[in-house]
Each structure stands twice: as C-alpha cells, then as structure tokens.
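Undergrad: Residues in the sequence shown are numbered consecutively from 11, following the working numbering. Ideal Cβ placement from N, Cα and C applies to all residues, glycine included. What follows is a structure written as structure tokens; I'll ask about it next.
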Amino acid sequence: MTDRPGPVRFCRRDTEAAGLASRSLLIHTILMKSRLLIPRLRSRQRALLHMYRTVADFTYDLEIWMEAGGSLRYVSPSCLRVTGYPALDALRDADFFSRIIDADDFAKWRQAMDTGHAQDIPAMDFRICRRDGTRIWLSQETTRVFDPRGRFQGWRLSLRDVTERVQTRISLDQARQNLAERVRERTAELELSRERYRALSGYLQDRIEKERAHISREIHDILGQDLTAMNMGLHRLERSFHDPDDGRLAQLAELRALVAGTLETVRRISRELRPPMLDELGFVEAVAWQIRTFAQASGLRVDQQLGHLPDLPGDLATAMYRVLQECLTNAARHSGCSRLHVSVQTMDGKFEMLVTDNGRGITPEQADSSSSLGLLGMRERVRLVGGCLAITRLPKGGTEILVRVPLTGESGSCDCS
Numbered sequence: 011m012t013d014r015p016g017p018v019r020f021c022r023r024d025t026e027a028a029g030l031a032s033r034s035l036l037i038h039t040i041l042m043k044s045r046l047l048i049p050r051l052r053s054r055q056r057a058l059l060h061m062y063r064t065v066a067d068f069t070y071d072l073e074i075w076m077e078a079g080g081s082l083r084y085v086s087p088s089c090l091r092v093t094g095y096p097a098l099d100a101l102r103d104a105d106f107f108s109r110i111i112d113a114d115d116f117a118k119w120r121q122a123m124d125t126g127h128a129q130d131i132p133a134m135d136f137r138i139c140r141r142d143g144t145r146i147w148l149s150q151e152t153t154r155v156f157d158p159r160g161r162f163q164g165w166r167l168s169l170r171d172v173t174e175r176v177q178t179r180i181s182l183d184q185a186r187q188n189l190a191e192r193v194r195e196r197t198a199e200l201e202l203s204r205e206r207y208r209a210l211s212g213y214l215q216d217r218i219e220k221e222r223a224h225i226s227r228e229i230h231d232i233l234g235q236d237l238t239a240m241n242m243g244l245h246r247l248e249r250s251f252h253d254p255d256d257g258r259l260a261q262l263a264e265l266r267a268l269v270a271g272t273l274e275t276v277r278r279i280s281r282e283l284r285p286p287m288l289d290e291l292g293f294v295e296a297v298a299w300q301i302r303t304f305a306q307a308s309g310l311r312v313d314q315q316l317g318h319l320p321d322l323p324g325d326l327a328t329a330m331y332r333v334l335q336e337c338l339t340n341a342a343r344h345s346g347c348s349r350l351h352v353s354v355q356t357m358d359g360k361f362e363m364l365v366t367d368n369g370r371g372i373t374p375e376q377a378d379s380s381s382s383l384g385l386l387g388m389r390e391r392v393r394l395v396g397g398c399l400a401i402t403r404l405p406k407g408g409t410e411i412l413v414r415v416p417l418t419g420e421s422g423s424c425d426c427s
C-alpha cells in the first residue's frame with residue numbers, strides 16, 4: 011500500500027503569524043503608495059500655487075487680500091507702479107491705507123470698509139498720495155471672501171488708476187456748470203430784455219392811444235369846425251345870388267357837397283382814431299357802434315351778445331376795443347367768412363370776449379407765426395392788462411378767439427385753455 015498524505019492542520023499560533031504578516035504587508039503597501047502620492051500632491055499644489063501667483067502677481071490692477079481684522083495678507087507687485095511703494099512695504103505697514111488715502115476721502119473709505127463684514131461694499135473712487143507726492147484717483151472694487159465652510163475671511167480689493175477718467179468727468183462737470191451758469195446769465199439777460207421790451211411796449215401803446223386821442227380831438231375840433239364854417243360861408247354866398255339861373259350856383263352846390271363829404275370823412279377818421287363814445291358812453295356802447303360800423307362797411311353778418319359789464323378801467327377798455335377791431339379786420343381780410351359772432355361778458359370775476367367766424371379757419375402755424383404782426387399786437391395788448399388770449403381752429407371750420415382778463419388786476423390767475 012502507498013502512503014497517503016494526511017490532512018494539513020494549522021494551529022492557532024500559525025494563524026496569528028499569518029495575520030501579522032498580512033497586516034505588515036498592508037501597512038508596507040500603504041506606506042509605499044503614500045511615498046509615491048505625497049510628492050505628486052505637493053507637485054500639483056506647487057503648480058496651482060504658481061499659476062495663481064502668476065495671475066495675481068502679473069495683474070495690471072493692484073490686487074490686495076485684506077483679512078477681516080484689517081491686516082494685509084497679500085499685495086500684488088503692481089503696488090509699486092500704482093502707489094510708488096513696494097508691495098513688501100505695504101504688507102509691513104499696518105496703516106498703509108490711512109497713510110496713502112487723501113484725508114478728505116479716508117473717512118468715507120473707512121466707513122464703507124467698516125460695513126463690509128455684514129454686507130457688500132459698493133465700488134468707490136478716492137484719491138491717494140503717491141510716494142513721489144503726486145495725487146491720483148483710484149477706483150476700488152471690493153469682493154467679500156469666504157472659506158469652504160462659509161466663514162468670512164476678509165476682502166479682495168482690486169484697485170485701478172482712473173485719474174484720467176475722473177479728471178475728464180470733473181472737466182465735463184465743470185464745463186456743464188459753466189454752461190449752466192452761462193445759460194442762467196443769458197436767461198436773466200433775456201428776461202431783463204423782455205421785461206424792458208414789455209415796459210417799452212406798454213409805454214408806446216399808452217403814448218399811441220394818447221396821441222390818437224389828441225389827433226382825434228384836433229381833427230374833430232379844428233378841421234371839423236373849419237369845414238363847418240366853410241360850409242356856412244358857402245351857404246351865405248349861395249344866398250347872395252338873386253338870380254336862380256346864375257351858373258355859379260351849381261358850382262357852389264358842388265363845393266357845398268364836397269365840403270359836406272369831407273366833413274363826414276373827418277368825423278369818421280376822428281372816430282376811428284379814438285371813438286368819443288368809448289370815453290363818454292362806455293365800452294359796451296363803443297363795441298356796439300364798432301360792430302354796426304363794421305357790418306355796414308364789410309357786408310358781413312355780425313351777431314352780438316353784449317352782457318352787462320361793470321365800468322372797465324380806461325386802459326382795459328381801450329385794449330379790449332383795439333383787440334376787437336383787430337379781430338374783425340382779420341376776419342374780413344383773411345378768413346373768407348360770411349358770418350361772425352361777438353360775445354362780451356363777465357364771468358367769475360373775469361372779463362371775457364369771444365369772437366368766432368365761419369371761415370376757413372386759421373392754422374397753428376399761422377397763429378404762432380412771428381410774421382403775424384396783428385396777432386402779436388393783440389397778444390401784447392392782452393398781456394399788458396394781465397390777461398390771456400387763445401386762438402383756436404374750430405373742428406367744422408372757422409376761427410375762435412378767446413380773451414380773458416381778471417378784473418381784480420391779478421395777472422397770472424387767468425386761463426384760456
């Protein structure tokens with residue numbers, strides 16, 4: 011018989027020895043891998059650090075990492091170009107910012123930074139004094155920095171030289187201020203000129219009316235009387251002829267007719283220069299006479315609605331009478347109308363005159379044209395008595411002219427809209 015091997019048996023001591031050998035092998039394997047992995051991690055860390063330092067160190071702007079306590083942890087080499095101080099000096103100087111920031115701007119900068127623990131800091135511009143004594147403007151963009159766990163670590167400051175931009179802005183602001191001041195001065199000059207023009211216009215209007223009244227009286231009293239005397243003389247001369255067939259009587263009759271016509275013309279001119287009834291009978295009667303005279307002369311139909319008016323001041327009555335004359339004249343000359351309506355009344359303490367026609371209607375360009383001297387004169391007369399004037403083209407054709415004047419004498423309280 012052949013010998014067969016018996017079953018292999020391990021004792022407890024052998025099992026423990028094998029376990030120790032396995033753990034030793036595992037530890038040895040981990041150590042070997044660590045020796046290979048750590049250099050790789052360190053190499054990668056150095057590469058990343060080199061990359062980030064390269065980006066930070068060679069940035070054009072001044073980059074600063076300020077810790078929450080206010081000390082500087084990193085200052086980019088561009089500090090020398092921007093401030094004139096080396097980055098190392100800035101890192102060693104606890105009062106770097108208070109030393110370089112202009113005293114007038116430091117308080118604002120400090121106040122903004124003090125709020126940066128709880129909230130974002132807005133961009134801000136401030137002045138600094140460089141190492142060589144020159145002053146420049148910096149623009150600061152501030153970013154709050156947190157660690158992976160969300161704990162606040164400080165701020166990243168990006169500072170850029172914006173002197174040229176700020177000086178340009180200051181120059182533009184100064185130019186705008188100078189322009190605004192010049193505009194104010196010019197506006198004041200124009201306002202003064204306008205007030206002088208208005209004062210002169212009012213003075214001239216007053217002088218013209220007085221001169222009209224004076225000429226009207228002279229024509230009526232002197233020429234009228236002379237013509238009347240001439241007519242009476244011709245009448246006496248006519249009675250001195252005893253022969254009714256005398257041929258000179260016909261010549262005398264012609265002369266008397268000519269004198270009578272001239273006398274009527276003189277009276278008409280006198281009334282047009284200054285209607286006596288405007289001073290004697292009042293504004294309403296003068297308007298009624300003017301409307302009748304105009305209707306007879308133009309052949310147009312004029313409807314009138316003349317309410318009861320209190321006694322108007324002389325300057326107001328004259329101005330409104332002249333405005334009415336201009337309205338009627340313009341309607342006859344330019345509107346092509348066949349009918350007009352004139353309304354004069356008082357309402358809510360205001361004098362109101364409304365003149366409408368059924369003509370072709372005035373255009374806004376014509377109403378606002380500087381060449382419309384008649385309209386300009388009307389507006390100026392109304393303005394001088396503290397009123398307002400509105401010229402409107404009616405929807406169905408025709409023109410409406412509305413004049414309102416406060417009877418209390420308070421200019422500016424009138425509205426023609």
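1. Once DSSP output is grouped into helix, strand and coil, what is the label at residue 189?
2. With residue 344 as the anchor, note down where its beta strand (DSSP E) starts and where it stops.
3. Quick one: residues in its chain with C-beta nearer than 7 Å to the C-beta of residue 95, no 5 flanking neighbours on either side, listed in chain order?
4. Give the DSSP-derived three-state secondary structure of residue 126 in the structure shown.
5. Quick check on residue 4: does DSSP put it in helix, strand or coil?
6. Since residue 84 sits in a beta bridge, which residues does DSSP pair it with?
7. Under 8 Å, do residue 352 and residue 365 count as touching if we go by C-beta distance?
8. If you compare alpha carbons, which of 391, 177, 319 is closest to residue 207?
9. Based on DSSP bridge pairs, tell me the residues matched to residue 388.
10. Would you say the stretch 276-296 touches the stretch 256-264, given that touching needs at least three Cβ pairs under 8 Å?
11. DSSP puts residue 114 in a beta bridge; with which residues?
12. Determine, using beta-carbon pairs with one atom in the stretch 152-159 and one in the stretch 121-134, whether at least three such pairs fall under 8 Å.
13. On the CB-based measure, 16 or more other CB atoms within 10 Å of its CB, does residue 329 come out buried or exposed?
14. Taking residue 225 and residue 283 to be in contact with their CB atoms under 8 Å, please state how far apart those CB atoms are, rounded to whole angstroms.
15. Looking at residue 71 and residue 170, is the spacing between their C-beta atoms short of 8 Å?
16. Using the Cβ count rule (16 or more neighbours within 10 Å means buried), how would you classify residue 415?
17. Assuming residue 338 contacts residue 304 under a Cβ cut-off of 8 Å, what Cβ separation, rounded to an integer in Å, is found between them?
18. Could you tell me which residues DSSP puts in a beta bridge with residue 405?
19. By Cβ distance below 7 Å, which residues in the same chain neighbour residue 251 in space, the five residues on each side in sequence not counted?
20. Tell me, please, which residues DSSP counts as bridged to residue 398.
21. Which residues mark the beginning and the end of the beta strand (DSSP E) in which residue 136 is found?
22. Might you give, ordered along the chain, the residues of its own chain that have their beta carbon closer than 7 Å to the beta carbon of residue 325, omitting 5 neighbours on each side?
23. With distance defined between alpha-carbon atoms, name the residue in 130, 139, 164, 91 nearest to residue 106.
24. I need the boundaries of the beta strand (DSSP E) containing residue 366, first residue and last residue.
25. Please name the residue, chosen from 285, 143, 296, 312, that lies closest to residue 109 on a Cα-to-Cα basis.
26. Given a cut-off of 8 Å, decide if residue 399 and residue 371 are closer than it, judged by their beta-carbon atoms.
27. May I have the straight-line CA-CA distance separating residue 222 from residue 214, to the nearest angstrom?
28. Which value, in whole angstroms, describes the spacing of the CA atoms of residue 180 and residue 197?
29. At 4 residues or longer, what runs of the alpha helix (DSSP H) sit wholly inside the stretch 228-298?
30. Please report the residue range of the beta strand (DSSP E) in which residue 171 lies.
31. How should residue 14 be labelled, buried or exposed, when 16 other C-beta atoms within 10 angstroms of its C-beta is the threshold for buried?
32. What's the gap between the Cα of residue 92 and the Cα of residue 183?
33. Tell me, which residues are paired with residue 151 by DSSP?
34. Under 8 Å, do residue 240 and residue 269 count as touching if we go by C-beta distance?
35. With respect to the beta strand (DSSP E) encompassing residue 356, which residues constitute its N-terminal and C-terminal limits?
36. Can you tell me the Cα-Cα spacing of residue 318 and residue 298, whole angstroms?
TA: Based on what the coordinates show:
1. Secondary structure at residue 189: helix, using DSSP grouped into helix, strand and coil.
2. Run containing residue 344: none; DSSP gives neither H nor E here.
3. 89, 141
4. helix
5. Any property of residue 4 remains undetermined from this structure, which presents the chain solely from 11 to 427.
6. According to DSSP, which records beta bridges pairwise, residue 84 is partnered with 75.
7. yes
8. 391
9. Paired residue(s): none; residue 388 is not in a bridge.
10. no
11. Answer by DSSP bridge pairing: none, since residue 114 is not bridged.
12. Three or more pairs of CB atoms, one per stretch, sit closer than 8 Å, so the stretch 152-159 contacts the stretch 121-134.
13. By the neighbour-count rule (16 or more Cβ atoms within 10 Å), residue 329 is buried.
14. 6 Å
15. yes
16. buried
17. Sure, about 5 Å apart at Cβ, within 8 Å.
18. Answer is none; residue 405 lacks a bridge partner.
19. 258, 259
20. 414
21. 134-139
22. 395
23. 139
24. 360-367
25. 143
26. No; because the gap between Cβ atoms is not below 8 Å, this pair is not in contact.
27. Spanning the two alpha carbons is a distance of roughly 12 Å.
28. 25 Å
29. 234-250, 258-283, 286-290
30. For residue 171, the uninterrupted beta strand (DSSP E) segment begins and ends at 162-171.
31. Confidence is the limiting factor: at residue 14 the pLDDT is only 49, short of 50, which leaves the residue's position unreliable and the question unanswerable from this model.
32. 26 Å
33. 168
34. yes
35. 349-357
36. 13 Å
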